[in-house]
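Below: one structure, written as structure tokens.
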Amino acid sequence: MAIPYFQHDYLSKPKLTRPDAAANHLSYLLRKPECIYSYSERFTITDGASKSKRNMQAFLNRRTEELRANGRVCDKFIIALPVELTLDDWAKACRRFGHRISEGKASYFFAIHEGKKSNENPHAQFIFVDAEKIHREVTGPRVFGTTKRGSTAKLKLVWEEVHNQVMLEAGQEATISFADARKKAMERLAEQHGIPLEPFSRPHENGLDDVEPNAPLSNVDVPREAERTLTIELPDSRHSEEDMELVAPSGAIYARTAVDALKEKRRIEQAIARRDAAKASAEAAKSASEKAVTRANDMEKNELIPLTMRQAMAEQRMKTYTTDSGLKGFEINIWGLSYKSPTRKQAEQAQHELNSAVFARDMKQRDVTEAYQMAKSVVDGAKQAATEYEIAANRFKEIVAIYGTEQEMQGAMQLFDRQAFINAREITVAQIEEAYKEASINGEEYRDLLVLKGETEKVKEWEDMQKDLGWQK
0 MAIPYFQHDY LSKPKLTRPD AAANHLSYLL RKPECIYSYS ERFTITDGAS
50 KSKRNMQAFL NRRTEELRAN GRVCDKFIIA LPVELTLDDW AKACRRFGHR
100 ISEGKASYFF AIHEGKKSNE NPHAQFIFVD AEKIHREVTG PRVFGTTKRG
150 STAKLKLVWE EVHNQVMLEA GQEATISFAD ARKKAMERLA EQHGIPLEPF
200 SRPHENGLDD VEPNAPLSNV DVPREAERTL TIELPDSRHS EEDMELVAPS
250 GAIYARTAVD ALKEKRRIEQ AIARRDAAKA SAEAAKSASE KAVTRANDME
300 KNELIPLTMR QAMAEQRMKT YTTDSGLKGF EINIWGLSYK SPTRKQAEQA
350 QHELNSAVFA RDMKQRDVTE AYQMAKSVVD GAKQAATEYE IAANRFKEIV
400 AIYGTEQEMQ GAMQLFDRQA FINAREITVA QIEEAYKEAS INGEEYRDLL
450 VLKGETEKVK EWEDMQKDLG WQK
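Take a look at the structure:
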């Protein structure tokens, strides 16, 4: 059954018992027979290096070494996987989740476990390095912000979206909801302790807009096992207090999750559009290059070669009218009168024809040279377009690896639209404006949320204000 279980932990440099602790943890996750599948992105020091265990451990060791003294080496997640799905579906869900939180920039690794030592419960164990991977740099700027308050709640919402999306694609009706799980846990505790519990509601519904993202919404002393419905042991488990609390997402988190859903939808749209545009450009450039080469070849074959043959014939004829001293025949000039012998006249005619043939061939040779130069330029452009198409196609393959066929991508985009609408519905316009003021969302994301809320007047007001600053849709 689908279980809303998500455990968030981390390894920080001050708490490491040994410098290679993170690398040892990765080795532990890859142990057999529990590990039945593993996957990673940008998890090696050198881009394009093989994803071997040794290279991935070297990456973690390098990060541990270069990180500041109090830095966080990596985050660790344990996520329950639905037993209704297959290994391929589990891998697809985990890849999508990793892609969402890494934004295609940060490094992540996950191993899927299923076995006796894992209580027969399929689950994924993630190692997430919240730093943009730039070439050999292993301590780049943060991407997701796992050290911020509310990050666990945001991670849960992202997993909830991905999980339910993959379940729907697999034809399964079961879904998960961390909010419902929290509600049930609170109700069970209230019943066990005999404490009356207020009806469950979202934070803003009770006017609790200033509630801390990760603060419990009840004074009930909640044991750490309250939200759990399955037990998975981690050998070096040091559960973070943030993860142990029953977290209620804040307005800022709902806003961020909504715009992230739209961002991911646009990422898919852009990948498809860029692939299609690059393909059309490459095909057009290839067609143009073929036409340019054909034109140059035809010009050489049908125009230049006949003129070359004409020149050769004129040169051959000219030889019959030429001696070592000049043209054959003679010419006499007496008192301003000129007389040319028939042979001289024929020689001069042959010379004129030769000069005309040479001039015509030289002009045509220039045209053919220009045609070939143009063809070369067009061919070079076609090669560049083909390279750009290959790059766009490879980027599209990354999206395919995450979301599947184009039909599945269309379904994913519809679900992202729906998820964005659902999350936007959970927050008020005042909370959206507050998130914008606090820089939790940027200007375009602010506009997107207003559109989702149907605030057309505020959208127009914002757009009019931005036009003065040169903003365009």
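In this text, residue positions in the sequence shown follow numbering that gives the first Met the number 0: the first is 0, and each later residue adds one.
Ideal Cβ placement from N, Cα and C applies to all residues, glycine included.
{"Item": "Counterpart residues of Y526 in DSSP-defined beta bridges", "Value": "Here the chain comprises residues numbered 0 to 472, so residue 526 is not present and cannot be evaluated."}
{"Item": "Whether D74 touches T138 by CB criterion (8 Å)", "Value": "no"}
{"Item": "Between the CA atoms of K327 and I308 - distance to the nearest angstrom", "Value": "In the sequence on display, residue 308 carries Met and not Ile. In a straight line, the C-alpha of M308 is about 24 Å away from that of K327."}
{"Item": "Per DSSP, cross-strand counterpart(s) of Y9", "Value": "D74"}
{"Item": "Where N354 falls: helix, strand or coil (DSSP)", "Value": "helix"}
{"Item": "Identity of the residue in D463, A423, M464 nearest D447 by Cα", "Value": "A423"}
{"Item": "L414: first and last residue of the uninterrupted beta strand (DSSP E) it sits in", "Value": "Here L414 belongs to no beta strand (DSSP E); instead the alpha helix (DSSP H) covers 405-424."}
{"Item": "For I44, the residue or residues it bridges with in DSSP", "Value": "Answer is none; I44 lacks a bridge partner."}
{"Item": "Local Cβ density within 10 Å of A90, reported as buried at 16 or more and exposed below that", "Value": "buried"}
{"Item": "Per DSSP, the bridge partner or partners of Q124", "Value": "I77, A110"}
{"Item": "Exposure of L80, with buried meaning 16 or more beta-carbon neighbours within 10 Å", "Value": "buried"}
{"Item": "For R41 and A68, the rounded distance between their alpha carbons", "Value": "24 Å"}
{"Item": "Per-residue DSSP class, three states only, for L336", "Value": "strand"}
{"Item": "Euclidean distance between Cα positions of E172 and R17", "Value": "46 Å"}
{"Item": "Beta-carbon spacing of A130, A105 below 8 Å", "Value": "yes"}
{"Item": "Sheet register partners of S150 (DSSP bridge)", "Value": "Per DSSP, none; premise fails for S150."}
{"Item": "Whole-number beta carbon distance between A277 and A391, since they are thought to touch under 8 Å", "Value": "4 Å"}
{"Item": "CB contact flag (M312, Q350, <8 Å)", "Value": "no"}
{"Item": "Contacting residues, own chain, Cβ-Cβ under 7 Å from E263 (five flanking each side not counted)", "Value": "R99, F415"}
{"Item": "Exposed unless 16 or more other CB atoms sit within 10 angstroms - verdict on S355", "Value": "exposed"}
{"Item": "As assigned by DSSP and simplified to three states, the class of D463", "Value": "helix"}
{"Item": "Separation of A429 from K457, as counted between CA atoms", "Value": "12 Å"}
{"Item": "Alpha-carbon spacing of I175 relative to V128, whole angstroms", "Value": "26 Å"}
{"Item": "L25 beta carbon less than 8 Å from that of Q56", "Value": "yes"}
{"Item": "Environment of L86 [buried if 16+ CB atoms lie within 10 Å]", "Value": "exposed"}
{"Item": "Residue range of the unbroken alpha helix (DSSP H) whose run includes H24", "Value": "20-28"}
{"Item": "Beta carbon of L156 nearer than 8 Å to that of I44", "Value": "no"}
{"Item": "The segment 324-341 / the segment 363-373 touching (three or more Cβ pairs under 8 Å)", "Value": "no"}
{"Item": "Per DSSP, the bridge partner or partners of Y36", "Value": "I111"}
{"Item": "Residues of its chain near Q465, where Cβ-Cβ distance is below 6 Å and the 5 sequence neighbours each way are ignored", "Value": "none"}
{"Item": "Nearest residue (CA-CA) to G70, options A279, T386, K14", "Value": "K14"}
{"Item": "Status (buried if at least 16 other CB within 10 Å, exposed otherwise) for K132", "Value": "buried"}
{"Item": "Beta-carbon proximity of D494 to N60, cut-off 8 Å", "Value": "As shown, the chain starts at 0 and ends at 472. That puts residue 494 outside it, with no answer to give."}
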